[in-house]
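>
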Amino acid sequence: MGLQDNSGDVILDVVLTDEGRRRLAMGNNKFSIVKFAFADDEINYSLFETGSSTALQDLAILQTPILEAFTNNMSSMKSKLISLPNQNLLYLPIIQLNEVASRSVKTHTQGNFVVCVDQNTTDDRPMNRTNSIAFDNSGDPREGFIHGIATDDKGTFIKIDAGLDTTDITEIDESLIETEFSIEIDSRLGSIVDRNGKVFLSPTAIDDDFVATYIVRKRPNSPFVFTPPQEALLASSSPIDGPIASTLEFKIRSSQELRTSNFLFNRIGSTTTYANRTPSGTTNTKIIDSIVRVSGLTTGYSLDIPVRFAKI
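Sequential numbering of the sequence shown, starting at 1, is according to the working numbering.
Here it is as structure tokens:
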């Protein structure tokens with residue numbers, strides 16, 4: 001990966017996605033480009049100089065070096081450009097992590113979600129031990145800790161709202177309502193389940209970088225995507241100030257590889273300490289830091305969520 005000089009001729013640098021390369025390799029006329037995307041991740045629009053002459057106002061933006069195209073989908077094209085049929089829109093929807101609805105959706109004090117990969121890390125009270133890190137010494141679940149194999153609706157889950165962050169508009173244009181979300185996660189580390197840990201999803205695809213993509217859709221009685229009760233929004237249970245059309249809720253289940261082996265912790269992880277169930281004690285903990293990306297498939301708006309997998 002490198003930078004390209006954007007100060008002269010217009011550059012068009014195009015790469016195929018993993019799926020595109022797979023179909024091209026198949027031959028038999030199975031390769032046909034039917035979708036493409038543009039993004040402006042590198043552009044800082046605050047560089048637009050309104051006080052300059054018309055010819056110079058956007059010069060700094062046009063001369064900004066741009067990234068060359070690369071195929072790692074977890075690193076590229078976070079801010080996709082879209083075409084909108086309605087040209088009279090004053091605001092566009094956003095996707096935002098909800099940490100205010102309840103203590104069950106808050107991140108850890110370090111700003112990430114911590115997935116306890118096994119029962120011993122989550123709660124070792126049944127074995128009369130005190131090294132586990134997901135509960136305090138009073139037996140209450142700690143904020144920000146996802147119980148990676150639990151199905152009892154305890155611990156933290158991830159909640160995301162999609163809506164308009166303004167009080168000037170009371171309804172979202174129907175063409176901008178998020179009805180589908182994609183969730184991308186390193187398949188070696190975990191998978192996506194509902195907030196109770198009982199409904200398992202199958203990935204739509206897993207690429208050559210081990211990134212699994214899950215597609216969740218808004219449906220009646222869906223445990224993942226739904227329209228939130230409007231009376232709940234009046235109680236300031238969302239970080240978005242305006243109307244919310246969709247809410248996504250899910251939890252991360254730790255992979256069998258993390259539960260049964262320390263190989264990945266030793267290969268790509270590190271160590272830290274967390275408070276355990278004693279009043280002032282700590283436990284040495286193996287960790288792997290990762291990112292889970294959530295994207296709205298209507299607007300292309302994406303959100304990167306820091307996730308840490310932990311094992312004692």
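For glycine and all other residues, C-beta sits at the position ideal for the given N, C-alpha and C.
Which residues in the same chain as THR272 place their Cβ atom closer than 7 Å to its Cβ, once the five residues preceding and following it in sequence are excluded?
THR285, ILE287
> Roughly how many whole angstroms lie between the Cα atoms of GLY51 and ALA275?
54 Å
> Is ILE66 near ALA162, with beta carbons less than 8 Å apart?
For ILE66 and ALA162, no; Cβs fall outside 8 Å.
> Among the candidates THR167, LEU81, ARG125, ARG23, whose CA atom is the shortest distance from the CA of ASP241?
THR167
> Look at the alpha carbon of LYS251 and the alpha carbon of GLU49, and state the distance between them as a whole number of angstroms.
45 Å
> Would you give the residue range spanned by the beta strand (DSSP E) that ASN284 belongs to?
For ASN284, the enclosing beta strand (DSSP E) covers residues 282-296.
> If VAL225 sits next to SER246, beta carbons under 8 Å apart, how far is it from one beta carbon to the other, in whole angstroms?
6 Å
> Let me confirm a value: GLU178 is counted as buried when at least 16 other C-beta atoms fall within 10 Å, else exposed. Which label applies?
buried
> Entirely within the region 76-151 and at least 4 residues each: give me those alpha helix (DSSP H) ranges in chain order.
Segments of the alpha helix (DSSP H) lying fully in the region 76-151: 119-122.
> By the three-class DSSP mapping on this structure, what secondary structure does THR204 have?
coil
> Would you give the residue range spanned by the alpha helix (DSSP H) that GLY300 belongs to?
Going by DSSP, GLY300 is part of no alpha helix (DSSP H) at all; its letter is neither H nor E.
> With distances taken between CB atoms, is the gap from THR156 to ILE146 smaller than 8 Å?
yes
> Could you tell me the alpha carbon to alpha carbon distance between LYS106 and ARG142, rounded to whole angstroms?
LYS106 and ARG142 have their alpha carbons spaced roughly 10 Å apart.
> Quick check on DSSP: helix, strand or coil for GLU49?
coil
> Which same chain residues, not among the five before or five after LEU24, have their C-beta less than 7 Å away from its C-beta?
LEU16, PHE31
> Is DSSP giving ILE396 helix, strand or coil here?
For the chain, the structure presents residues 1 to 312; residue 396 sits outside this window and is missing.
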